[in-house]
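Read top to bottom, the protein sequences are chains E and L. With our numbering, letter number 179 in the first sequence gets 367, and the count goes up by one each step, no holes. With our numbering, letter number 123 in the second sequence gets 311, and the count goes up by one each step, no holes. By construction, the Cβ of each residue, glycine as well, lies at the ideal position given by its N, Cα and C atoms. Data first, discussion second: the structure below is written as structure tokens.
There are 2 protein chains.
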Amino acid sequence: MTTKIERTRENLRATAVRLFAQFGYEATSVALIASTAGVSEMTFFRHFPSKESVLIDDPFDPEIGEAIARQPDMLPPFVRAVRGIRAVWSRLPDGAEEDLRTRLRIVASTPALHSALGKNSTATEAVIAEALSSGLISDRTSRVVAGAVLGALNAALLDWSMAEDESLSSAILGALDILEANHG
Amino acid sequence: MTTKIERTRENLRATAVRLFAQFGYEATSVALIASTAGVSEMTFFRHFPSKESVLIDDPFDPEIGEAIARQPDMLPPFVRAVRGIRAVWSRLPDGAEEDLRTRLRIVASTPALHSALGKNSTATEAVIAEALSSGLISDRTSRVVAGAVLGALNAALLDWSMAEDESLSSAILGALDILEANHG
DNA sequence: GGATTTATGTTAGTGACTAACATTTCGTCA
DNA sequence: TGACGAAATGTTAGTCACTAACATAAATCC
Numbered sequence: 189m190t191t192k193i194e195r196t197r198e199n200l201r202a203t204a205v206r207l208f209a210q211f212g213y214e215a216t217s218v219a220l221i222a223s224t225a226g227v228s229e230m231t232f233f234r235h236f237p238s239k240e241s242v243l244i245d246d247p248f249d250p251e252i253g254e255a256i257a258r259q260p261d262m263l264p265p266f267v268r269a270v271r272g273i274r275a276v277w278s279r280l281p282d283g284a285e286e287d288l289r290t291r292l293r294i295v296a297s298t299p300a301l302h303s304a305l306g307k308n309s310t311a312t313e314a315v316i317a318e319a320l321s322s323g324l325i326s327d328r329t330s331r332v333v334a335g336a337v338l339g340a341l342n343a344a345l346l347d348w349s350m351a352e353d354e355s356l357s358s359a360i361l362g363a364l365d366i367l368e369a370n371h372g
Numbered sequence: 189m190t191t192k193i194e195r196t197r198e199n200l201r202a203t204a205v206r207l208f209a210q211f212g213y214e215a216t217s218v219a220l221i222a223s224t225a226g227v228s229e230m231t232f233f234r235h236f237p238s239k240e241s242v243l244i245d246d247p248f249d250p251e252i253g254e255a256i257a258r259q260p261d262m263l264p265p266f267v268r269a270v271r272g273i274r275a276v277w278s279r280l281p282d283g284a285e286e287d288l289r290t291r292l293r294i295v296a297s298t299p300a301l302h303s304a305l306g307k308n309s310t311a312t313e314a315v316i317a318e319a320l321s322s323g324l325i326s327d328r329t330s331r332v333v334a335g336a337v338l339g340a341l342n343a344a345l346l347d348w349s350m351a352e353d354e355s356l357s358s359a360i361l362g363a364l365d366i367l368e369a370n371h372g
């Protein structure tokens, strides 16, 4: 059974996304989201650390790290990172795709949120860099490769969100292929 | 002769950076910066659009675009982007290097600012993507490559800021080489 | 030196977010 | 079923970044 806390959170999330889509992200205050959802403003912040986090949350960090760490050590770091991400992102839970597209469209159309995407990436970037690190390459190389791969992934996600009838996996795979080309 | 507006701006900038280094970015309010600099809070925002912008400003966008556009069309987009950025970033005005390092160190040590780095990149990313676009590659490819290159550049800059005795150009060139490797 | 810009100040406000404390709602067990 | 302890929510008051409107001071031009 869904707990109350889960229900309240989902209620807030759905309400927020609906209002964002209708009035725009910046024009939608947290106070409005809360009152529309029938809770107080404080309750919103008990369930989400920030207004941004309703749209931007990426629970895949641990999986990505493991998937990258699983790639053979002798492959170039670029290839390891790309294949790890590909392994995680090419199979999303059903229904998550439309939801992700809705959220990313709001992000893409709100300049103030572009940076938020990057903020989220910071943690992921660290995870990737860590997973890449080995005796064979420098920390600098790990971090630069992680930054490049994440930058490419984010660009592809935003671009995909604006496309009409493309599957997420084909967009991701296509973008990662661009990176991997001539590296493997 | 330096105009008054330039003097006030530089005064605010120097004061802010000094306070950031001393007390930390988040612990330093704009009100404190302004009063320490001997002006009102409003004046601060007349000279800087945001608190972040004191540390993060990248006036190179037009140059980067031109430098990339100058690269031969038949080169792979990765190589064009990397060489364009290399051309611009490998020659910085004297003294700018120490200043940049100071600012980036504050950014690197302040999680809240990591996203700001990405925000700044959004504009640069668009410039790079535009400069890359040609009849030979898709818009998607341009954007993905731009994202990758910018992600790598930002990672390298942050990493460099924490290093002790490394020149900026060698860090940049090294990072770009990682990207260009096997692409040219 | 007076008039006109130009830079700055003041005041008041919005919106995201936090802290401290009060209150309700809920599951649990007698 | 009803009291009890805990979890979820509410209230209030505050901080800080940032904006708008209007007022004043200071630099520049004639």
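Can you find a CB in chain E that lies within less than 7 angstroms of the CB of residue i?
i	result
S303/L	yes
R176/L	Residue 176/L is absent from the structure shown; chain L starts at 189 and stops at 372.
I221/L	no
I316/L	no
R328/L	yes
I244/L	no
G253/L	no
D353/L	no
R363/L	Note on residue identity: the sequence assigns Ala, not Arg, to residue 363/L. With 7 angstroms as the cut-off, A363/L counts as an interface residue toward chain E.
N199/L	no
Would you check if the distance between the CB atom of residue i and the CB atom of residue j is smaller than 7 angstroms?
i	j	result
P265/L	I221/L	no
R188/L	S349/L	Nothing in the structure corresponds to residue 188/L, since chain L is present only between 189 and 372.
S309/E	A317/E	no
I366/L	W277/L	no
L288/L	V295/L	no
A363/E	A340/E	yes
G253/E	A311/E	no
A304/E	S241/L	no
V337/E	A269/E	yes
A275/L	A255/L	yes
Residue i CB to nearest chain L CB: under 7 angstroms?
i	result
A344/E	yes
G339/E	yes
R400/E	Nothing about residue 400/E can be read from this structure; chain E reaches only from 189 to 372.
D249/E	no
D347/E	yes
T310/E	yes
I366/E	yes
K307/E	yes
G335/E	yes
S358/E	no
Nearest to residue i by alpha carbon, out of the options?
i	options	result
P260/L	A343/L, R271/L and L305/L	R271/L
V332/L	E354/E, T312/E, A344/E and L280/E	A344/E
R206/E	T190/E, I256/E, V267/E and T224/E	T224/E
L200/E	T191/E, A336/E and H235/E	H235/E
G335/L	G306/E, A351/E and A204/E	G306/E
T216/L	V227/L, S228/L, G226/L and T203/L	T203/L
D327/E	A351/L, Q210/L, V267/L and S228/L	A351/L
T196/L	D353/L, F233/L and F211/L	F233/L
E368/L	S241/L, I273/L and Y213/L	I273/L
D282/L	L320/L, T190/L and S355/L	S355/L
T298/L	L243/L, R268/L, F248/L and A255/L	L243/L
L194/E	D249/E, T231/E and S321/E	Before going on, a small fix: residue 194/E reads as Glu here, not Leu. Comparing Cα-Cα distances from E194/E to each of D249/E, T231/E and S321/E, the minimum goes to T231/E.
P247/E	S357/E, L346/E, V227/E and L280/E	L280/E
L346/E	M262/E, R291/E and S321/E	R291/E
M262/E	S321/E, T191/E and T190/E	S321/E
G226/L	D353/L, T191/L, E198/L and G323/L	E198/L
N342/L	S228/L, D245/L and A209/L	D245/L
E285/L	A209/L, E229/L, K192/L and S357/L	S357/L
So does residue i have its beta carbon nearer than 6 angstroms to some heavy atom of the ligand ATP?
i	result
R291/E	This structure does not include the ligand ATP; it has no bound ligands of any sort.
- beta strand (DSSP E) runs contained entirely in the segment 336-371 of chain L, provided each spans 3 or more residues: Counting only runs of 3 or more, we get nothing.
- Message: Quick check on the DSSP output: what are the complete beta strand (DSSP E) runs of length 3 or more inside the segment 206-294 of chain L, in order along the chain?
- Response: For secondary structure counted as the beta strand (DSSP E) over 3 or more consecutive residues, the segment 206-294 of chain L holds no complete run.
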